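Participant:
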Amino acid sequence: MLLITADYLHWSTVQDEQLAWRQQSLAHMGSHGQKLPASLLLSAQSQQSLRKSPPKRCNFRSATIRDYENQLRAYSSRKKMFCYFATIKVKSSAGKSIIHMTAKDFVRSMSPGLSQPEGLGLNHYITIEKDDLHKLHVRGVSKDSIFYKLRPDGMVTYADFLYLRSLVVMSEKYFEMGFKLIDKQGKQMLDKNEMSLLLFGIPDASLKITSSVKYYLFGPKLDQKLSLNQFLQFKRQLFHDIIQLEFNMLKKKCSKRADTLNHQPSHKISELRFANLLLDYSRMPKSRKKERLERTHRRYQKNPQGVTFEEFVAFFKFIQHLHTIETALTFHSLTGAGLSRTTFKHISDVVVRSPLSSHVIDIIFSVFANEQSGNLRYNEFIEMARNRLSRCTIISFKLGQVLSSIYRCAERTYF
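In this text, residue positions in the sequence shown follow my numbering: the first is -5, and each later residue adds one.
(1) Classify residue 263 as helix, strand or coil using the three-state DSSP reduction.
(2) Among 90, 196, 321, 384, which residue has its Cα nearest to the Cα of residue 310?
(3) Which residue wins for smallest C-alpha separation from residue 139, given the options 96, 355, 109, 278?
(4) Using alpha carbons as the reference points, say which of 365, 359, 87 lies closest to residue 414.
(5) Cα separation between residue 142 and residue 151?
(6) Under 8 Å: do the region 164 to 184 and the region 272 to 283 share three or more Cβ pairs, one atom per stretch?
(7) Distance check for residue 179 and residue 64, CA to CA, integer angstroms please.
(8) Compare the C-alpha of residue 336 against each of 330, 370, 110, 361 and name the closest.
(9) Here's a check: name, in chain order, each residue in its chain whose Cβ is nearer than 7 Å to the Cβ of residue 427, leaving out the five neighbours to either side.
(10) In the DSSP assignment, the alpha helix (DSSP H) including residue 59 goes from what residue to what residue?
(11) At the level of alpha carbons, what is the spacing between residue 322 and residue 345?
(12) Does DSSP put residue 319 in a helix, a strand or coil?
(13) Specify the secondary structure class of residue 183 as computed by DSSP and reduced to three states.
(14) In chain order, what residues of the same chain have a beta carbon less than 8 Å from the beta carbon of residue 107, not counting five sequence neighbours either side?
(15) May I have the straight-line CA-CA distance separating residue 157 from residue 368, to the nearest angstrom?
(16) If residue 239 sits next to residue 135, beta carbons under 8 Å apart, how far is it from one beta carbon to the other, in whole angstroms?
(17) How long is the line joining the alpha carbons of residue 189 and residue 317, rounded to whole angstroms?
(18) Should residue 223 go down as buried or exposed, given a rule of 16 or more other Cβ atoms within 10 Å for buried?
(19) So what's residue 112 in DSSP terms, helix, strand or just coil?
(20) Given this structure, state the Cα-to-Cα distance separating residue 284 from residue 196, to the nearest angstrom.
(21) What is the residue span of the beta strand (DSSP E) that residue 90 lies within?
(22) Can you tell me whether residue 132 is helix, strand or coil according to DSSP?
(23) Helix, strand or coil: which one does DSSP assign to residue 239?
(24) Quick test of your reading: residue 84 and residue 124, contact by CB under 8 Å. State the CB separation rounded to the nearest angstrom.
(25) Whole angstroms is fine: what's the gap from residue 61's alpha carbon to residue 264's?
(26) Grouping DSSP H, G and I as helix and E and B as strand, with all else coil, what is residue 302?
(27) Please list the terminal residues of the continuous alpha helix (DSSP H) segment that includes residue 473.
(28) Return the chain-ordered list of same chain residues with a C-beta closer than 7 Å to the C-beta of residue 144, the five sequence neighbours on each side being excluded.
(29) Given a cut-off of 9 Å, decide if residue 281 and residue 314 are closer than it, judged by their beta-carbon atoms.
(30) Check for me: the alpha helix (DSSP H) holding residue 121 runs from which residue to which?
(31) I'd like the list of long-range same chain contacts for residue 297, defined as Cβ closer than 8 Å, with 5 residues on each side in sequence excluded.
(32) Going by DSSP, what residue range makes up the beta strand (DSSP E) through residue 85?
(33) Which residue wins for smallest C-alpha separation from residue 261, given the options 226, 356, 305?
(34) Between the alpha carbons of residue 193 and residue 319, how many angstroms are there, rounded?
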């Protein structure tokens, strides 16, 4: 177990921009260690060592770990998910320990393409004294992000994890619907009890957890109320910060690969990386995923343009309107006509009113199109979008149960 104190971090070669706590680094500590002040970034890395390091290859062990982590994301309880993907254990002067997530841990827990740092996982954490927690800063997480607004140290507790994850997987449409059902007086304002009912299906008094999110939203005494617009503003900032972190982590993942598609400017990710991200949320067989990636590789190998952050955000804003997209695609399929790039562009620009660039649409079609006809296999695309919105959670979050609880509460209140 590595102990991070206020004096020094003993480090050899930092290979991972995400958090850089790799087993290989720990094995070389001491004989080849380099002393760095602990106030420096935990995820600081040596660009020179990255250039010298050979590219990683996907082997049986890494593939098995990746599959196991994806099973955790889909089927495990939230408690186990939190304990596995968290990386920080904070020790108090009394000897008690509390597990924390960093902002990157939180994003990693919901992203199938991002693996847990090697050597860390369930019951394996970086241990740090409570008095030194304020000195930590995870590289790539802005001080203006929602995580630092919730807590000065930017850490995520288990209670915060429950609240934030529930907010992430609930679409704005369902959020607004539930908000209006619970708003008993029609004043467009909710208190902490009604918020817990909306997110978890039970009042805050029954939930019995203390979260930084509650204090941020409802004040230090938890006696304030917030409007729908204020809740949506908070949810949208959370969405933006998570997308920003995910994009930055994917950029670093791209920078470690030596294939020709990854020679992109620092503000872009490759087409292959974006295609792989889409397939991470698909349940098609591995052989078919491999074939789709090879197709994308061939298409963009000679003329890669990359995907900008603006295009990345626009795509995930687009699939937030999944119900509208699915309805439009279903009506179009009833005509018997194939779904072309032009039609898909029309749906994004006119029907959904969330425009996508022609380049992103081209990548989508390179992944999900029928190779013979060139038309989109819209069932595969819809499945991917649905899994992305639920963050691959199959058991942990059941929106139907939450909405049923909201309906029963409203029925008892009004009828």
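Heads up, the beta-carbon is just placed ideally off N, CA and C, and yes, glycines get one too.
From a predicted model like this one, the values you see are computed outputs, not experimental measurements.
Facilitator: Looking at the atomic coordinates:
(1) Taking the sequence shown and counting its residues from 1, the one referred to as residue 263 is at position 269. Strand at residue 263.
(2) For the purposes of this step, residue 310 is identified with residue 316 of the sequence shown, where counting begins at 1. The residue with the shortest Cα to Cα distance from residue 310 is 384.
(3) What you label residue 139 is simply residue 145 of the sequence shown in a count that begins at 1. Nearest option by C-alpha distance: 96.
(4) Since the displayed the chain opens at -5 and closes at 409, residue 414 lies outside it and no answer follows.
(5) Position 148 of the sequence shown, counted from the start, is the residue given in the question as residue 142. Position 157 of the sequence shown, counted from the start, is the residue given in the question as residue 151. Taking the straight line joining both Cα atoms gives about 13 Å.
(6) no
(7) Position 70 of the sequence shown, counted from the start, is the residue given in the question as residue 64. Position 185 of the sequence shown, counted from the start, is the residue given in the question as residue 179. Going by the C-alpha atoms only, they are around 43 Å apart.
(8) Here residue 336 is taken as the residue at index 342 of the sequence shown, counted from 1. Comparing Cα positions, the closest option is 370.
(9) The structure shown does not extend to residue 427, since the chain is modelled only from -5 through 409, so no value can be given for it.
(10) The residue given as residue 59 occupies position 65 in the sequence shown. Taken as a continuous stretch (DSSP letters only), the alpha helix (DSSP H) holding residue 59 covers 54 to 69.
(11) On the sequence shown, position 328 is the one that residue 322 refers to. On the sequence shown, position 351 is the one that residue 345 refers to. Their backbone Cα atoms lie some 8 Å apart in a straight line.
(12) Position 325 of the sequence shown, counting from 1, holds the residue named residue 319. Helix, per DSSP.
(13) Your numbering for residue 183 matches position 189 in the sequence shown. In this structure, residue 183 counts as strand in the three-state DSSP scheme.
(14) Against the sequence shown, residue 107 aligns to sequence position 113. Only 244, 247, 270, 271, 274 meet the Cβ criterion.
(15) Working through the sequence shown from its first residue, we reach residue 157 at position 163. Working through the sequence shown from its first residue, we reach residue 368 at position 374. Near 42 Å, if we compare the C-alpha coordinates of residue 368 and residue 157.
(16) Here residue 239 refers to the residue found at position 245 when the sequence shown is read from its first residue. Here residue 135 refers to the residue found at position 141 when the sequence shown is read from its first residue. Yes, they are in contact, since the Cβ atoms of residue 239 and residue 135 sit about 7 Å apart, within 8 Å.
(17) Taking the first residue of the sequence shown as position 1, residue 189 is located at position 195. Taking the first residue of the sequence shown as position 1, residue 317 is located at position 323. Each residue's alpha carbon lies about 24 Å from the other.
(18) Within the sequence shown, residue 223 is the residue found at index 229, counting from 1. Answer is exposed; the Cβ neighbour count stays below 16.
(19) Here residue 112 is taken as the residue at index 118 of the sequence shown, counted from 1. If DSSP states are grouped into helix, strand and coil, residue 112 belongs with coil.
(20) Position 290 of the sequence shown, counting from 1, holds the residue named residue 284. Position 202 of the sequence shown, counting from 1, holds the residue named residue 196. Answer to the nearest angstrom: the Cα atoms are 44 Å apart.
(21) Looking up residue 90 in the sequence shown gives position 96. From DSSP, residue 90 is part of no beta strand (DSSP E); its letter is neither H nor E.
(22) Working through the sequence shown from its first residue, we reach residue 132 at position 138. Of the three classes helix, strand and coil, the one that applies to residue 132 here is coil, per DSSP.
(23) The residue given as residue 239 occupies position 245 in the sequence shown. Of the three classes helix, strand and coil, the one that applies to residue 239 here is helix, per DSSP.
(24) Taking the sequence shown and counting its residues from 1, the one referred to as residue 84 is at position 90. Taking the sequence shown and counting its residues from 1, the one referred to as residue 124 is at position 130. Going by Cβ atoms, the distance from residue 84 to residue 124 rounds to 5 Å, so yes, they are a contact pair.
(25) Indexing the sequence shown from 1 puts residue 61 at position 67. Indexing the sequence shown from 1 puts residue 264 at position 270. Taking the straight line joining both Cα atoms gives about 23 Å.
(26) Working through the sequence shown from its first residue, we reach residue 302 at position 308. Residue 302 falls in the strand class under three-state DSSP.
(27) The question about residue 473 has no answer, for the chain in this structure spans -5 to 409.
(28) Counted from its first residue, the sequence shown places residue 144 at position 150. Excluding sequence neighbours, residue 144 sits near 154, 206, 207, 210.
(29) For the purposes of this step, residue 314 is taken as the residue at position 320 of the sequence shown. For the purposes of this step, residue 281 is taken as the residue at position 287 of the sequence shown. Cβ distance not < 9 Å, so residue 314 and residue 281 don't count as in contact.
(30) Counting from 1 along the sequence shown, the entry for residue 121 is found at position 127. Taken as a continuous stretch (DSSP letters only), residue 121 belongs to no alpha helix (DSSP H), being part of the beta strand (DSSP E) at 120 to 123.
(31) Sequence index remark: in the sequence shown, residue 297 carries index 303 (1-based). Hits under 8 Å: none found.
(32) Locating residue 85 in the sequence shown gives position 91, where the first residue counts as 1. Residue 85 -> beta strand (DSSP E) spans 82 to 85.
(33) Counting from 1 along the sequence shown, the entry for residue 261 is found at position 267. The option with the nearest alpha carbon to residue 261 is 305.
(34) Residue mapping note: residue 193 aligns to position 199 of the sequence shown, counting from 1. Residue mapping note: residue 319 aligns to position 325 of the sequence shown, counting from 1. The alpha-carbon atoms of residue 193 and residue 319 are separated by roughly 25 Å.
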